[in-house]
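Colleague:
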Amino acid sequence: MKALKIATFNVNGIRSRLDNLLAWLAREQPDIVCLQELKASDAQFPREAIEAAGYGCLHFGQASWNGVAILARGSQPLEVRRGLPGMEDDSQSRYIEAAVHGVQVACLYLPNGNPQPGPKFVYKLRWFESLIAHADTLRRAEHPVLLAGDFNVVPTDQDIYNPKSWLKDALLQPESRACYQRLLEQGWSDALRQLYPHERVYTFWDYFRNHWPRNAGLRIDHLLLNPALAPYLKDAGVDAWVRNEAHASDHAPVWIRLGTRKRR
Numbered sequence: 001m002k003a004l005k006i007a008t009f010n011v012n013g014i015r016s017r018l019d020n021l022l023a024w025l026a027r028e029q030p031d032i033v034c035l036q037e038l039k040a041s042d043a044q045f046p047r048e049a050i051e052a053a054g055y056g057c058l059h060f061g062q063a064s065w066n067g068v069a070i071l072a073r074g075s076q077p078l079e080v081r082r083g084l085p086g087m088e089d090d091s092q093s094r095y096i097e098a099a100v101h102g103v104q105v106a107c108l109y110l111p112n113g114n115p116q117p118g119p120k121f122v123y124k125l126r127w128f129e130s131l132i133a134h135a136d137t138l139r140r141a142e143h144p145v146l147l148a149g150d151f152n153v154v155p156t157d158q159d160i161y162n163p164k165s166w167l168k169d170a171l172l173q174p175e176s177r178a179c180y181q182r183l184l185e186q187g188w189s190d191a192l193r194q195l196y197p198h199e200r201v202y203t204f205w206d207y208f209r210n211h212w213p214r215n216a217g218l219r220i221d222h223l224l225l226n227p228a229l230a231p232y233l234k235d236a237g238v239d240a241w242v243r244n245e246a247h248a249s250d251h252a253p254v255w256i257r258l259g260t261r262k263r264r
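Anchor point for the sequence shown: position 113 equals 113 in full-length UniProt numbering, and the numbering is continuous, going up by one each time.
#1: Between which residues of its own chain and residue 47 is the CB-CB distance below 7 Å, once the five residues before and five after are set aside?
#2: Go through its chain and collect everything with a Cβ distance to residue 189's Cβ below 6 Å, but skip five positions before and after it.
#3: Can you check whether the CB of residue 109 is closer than 9 Å to the CB of residue 37?
#4: Check residue 156 in the structure and name its three-state DSSP category.
#5: Reducing DSSP to helix, strand and coil, say where residue 32 ends up.
#6: Do the segment 154-170 and the segment 87-100 touch if we need at least three Cβ pairs shorter than 8 Å?
#7: Tell me whether the beta-carbon of residue 239 lies closer than 9 Å to the beta-carbon of residue 28.
#8: Could you compute how far the alpha carbon of residue 237 sits from the alpha carbon of residue 192?
#9: How about residue 162 and residue 212: do their beta carbons lie closer than 9 Å?
#10: Please specify which runs of the alpha helix (DSSP H), each continuous and at least 4 residues long, are wholly inside the segment 191-222, giving them in chain order.
#11: If distances are taken between C-alpha atoms only, which option among 78, 94, 177 comes closest to residue 219?
#12: So if DSSP puts residue 255 in a beta bridge, which residue, or which two residues, is it bridged to?
#13: What number of angstroms, rounded off, separates the C-alpha of residue 209 from the C-alpha of residue 93?
#14: Among 133, 246, 263, 166, which has the Cα closest to the Cα of residue 234?
#15: Would you identify the three-state DSSP class for residue 106, choosing helix, strand or coil?
#16: Run the CB neighbour count on residue 144, radius 10 Å, all protein chains shown included, and call it buried at 16 or more, exposed below.
#17: Just checking my contact of residue 70 with residue 82 at CB under 8 Å: how many whole Å lie between their CB atoms?
#18: What is the rounded straight-line gap between the Cα of residue 149 and the Cα of residue 15?
#19: Which value, in whole angstroms, describes the spacing of the CA atoms of residue 250 and residue 76?
#20: Within its chain, find whatever has a CB closer than 6 Å to the CB of residue 45; leave out the 5 residues flanking it on each side and keep chain order.
#21: Who pairs with residue 145 in a beta bridge, going by DSSP?
#22: List the DSSP bridge partners of residue 151.
#23: Taking C-beta to C-beta, are residue 159 and residue 200 nearer than 9 Å?
#24: Indicate whether residue 258 and residue 6 have their beta-carbon atoms separated by less than 9 Å.
#25: Work out the CA separation of residue 127 and residue 32 for me, nearest whole Å.
#26: Hey, could you find the ends of the beta strand (DSSP E) residue 55 is sitting in?
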């Protein structure tokens, strides 16, 4: 295993926030990046600008909504699949998988599910069930595998500033949380929570009600490591400075560092 920095970032519109993305790439220089909510078709994806920044890219876009991409510094991601197995009838671009720098990377943008109850929440849970089934296959691989992206789930009350304000939201529903817990019980390691078991760490701050200045955040962007990858985890964090920039996404990039040797 080589030393790597891997990040996930819901960019919330790659064309409108391209300058923010390029500034972050230049400053932090992650080796692998998973992007969500591109809100751009494949034809609209700013490939030239990203390649000029030194990154190969693989994208699965959708006009105006959704969309995921994987970037690799100094390399070209090798596509494994696009679209989540079990969701072959899904018209939304939410999942892409690639081999990058010796790691099999699954980039996902799980459905929000609001309003709930209703068809959007049913869709969220169906998508989650398909992810759980596919993730079990990935988890058992002998090679390193990473699930990264915007899961649209607040795993516990420790991962939100005030759960009382969000009790009816799909991100906090018992069904959503149970699905995320089932992923962990397969043997996946939640990188941020593994290294910071007691801290309140946030990755998303709503645009409304002064949430960013008040640090009223949620943790919904996650990096999950399979047993073959987890022993190489050295560090993790959130580039919160990105959320403070002009015209910022409501998410901040979340990252992990992998070492060349396993932890003892």
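Quick reminder that beta carbons are idealized off the backbone N, C-alpha and C, glycines included.
Modeller: On the basis of the supplied data:
#1: Position 47 of the sequence shown holds residue 47. Closer than 7 Å at Cβ, skipping near neighbours: 57.
#2: Taking the first residue of the sequence shown as position 1, residue 189 is located at position 189. Answer for residue 189: 225, 230, listed in chain order.
#3: Mapped onto the sequence shown, residue 37 falls at position 37. Mapped onto the sequence shown, residue 109 falls at position 109. Contact: yes.
#4: Position 156 of the sequence shown holds residue 156. Three-state DSSP puts residue 156 in coil, outside helix and strand.
#5: Within the sequence shown, numbered from 1, the residue matching residue 32 stands at position 32. Correct three-state label for residue 32: strand.
#6: no
#7: Mapped onto the sequence shown, residue 239 falls at position 239. Mapped onto the sequence shown, residue 28 falls at position 28. Result yes, Cβ atoms of residue 239 and residue 28 sit closer than 9 Å.
#8: Position 237 of the sequence shown, counted from the first residue, corresponds to residue 237. Position 192 of the sequence shown, counted from the first residue, corresponds to residue 192. Cα-Cα distance, rounded: 7 Å.
#9: Numbered from its first residue, the sequence shown carries residue 162 at position 162. Numbered from its first residue, the sequence shown carries residue 212 at position 212. The answer is no: Cβ separation not under 9 Å.
#10: 191-195
#11: By 1-based counting over the sequence shown, the position of residue 219 is 219. Checked all of 78, 94, 177; the closest Cα to residue 219 is 177.
#12: Taking the first residue of the sequence shown as 1, we reach residue 255 at position 255. Answer by DSSP bridge pairing, in chain order: 7, 237.
#13: Within the sequence shown, numbered from 1, the residue matching residue 209 stands at position 209. Within the sequence shown, numbered from 1, the residue matching residue 93 stands at position 93. In a straight line, the C-alpha of residue 209 is about 30 Å away from that of residue 93.
#14: Here residue 234 is taken as the residue at index 234 of the sequence shown, counted from 1. Of 133, 246, 263, 166, the residue nearest in Cα terms is 263.
#15: Within the sequence shown, numbered from 1, the residue matching residue 106 stands at position 106. It is a strand residue.
#16: Here residue 144 refers to the residue found at position 144 of the sequence shown. Classification of residue 144: buried, given that the 10 Å Cβ count is 16 or more.
#17: Stepping through the sequence shown from its first residue, residue 70 is reached at position 70. Stepping through the sequence shown from its first residue, residue 82 is reached at position 82. Contact flag wrong, Cβ pair sits at about 10 Å.
#18: As a position in the sequence shown, residue 149 is number 149, starting the count at 1. As a position in the sequence shown, residue 15 is number 15, starting the count at 1. Using only the alpha carbons, I get a separation of about 19 Å.
#19: As a position in the sequence shown, residue 250 is number 250, starting the count at 1. As a position in the sequence shown, residue 76 is number 76, starting the count at 1. In a straight line, the C-alpha of residue 250 is about 28 Å away from that of residue 76.
#20: Locating residue 45 in the sequence shown gives position 45, where the first residue counts as 1. If we look at residue 45 and ignore the five residues flanking it on each side, its Cβ neighbours are 59, 61.
#21: Numbered from 1 along the sequence shown, position 145 holds the residue referred to as residue 145. According to DSSP, residue 145 bridges with 104.
#22: Locating residue 151 in the sequence shown gives position 151, counting from the first residue. Partner(s): none; residue 151 has no beta bridge.
#23: Here residue 159 corresponds to residue number 159 of the sequence shown, with the count starting at 1. Here residue 200 corresponds to residue number 200 of the sequence shown, with the count starting at 1. Contact flag set, yes.
#24: Within the sequence shown, the letter at position 258 stands for residue 258. Within the sequence shown, the letter at position 6 stands for residue 6. Yes. Within cutoff.
#25: Numbered from its first residue, the sequence shown carries residue 32 at position 32. Numbered from its first residue, the sequence shown carries residue 127 at position 127. Their Cα atoms are separated by approximately 25 Å.
#26: Position 55 of the sequence shown, counted from the start, is the residue given in the question as residue 55. Residue 55 -> beta strand (DSSP E) spans 55-60.
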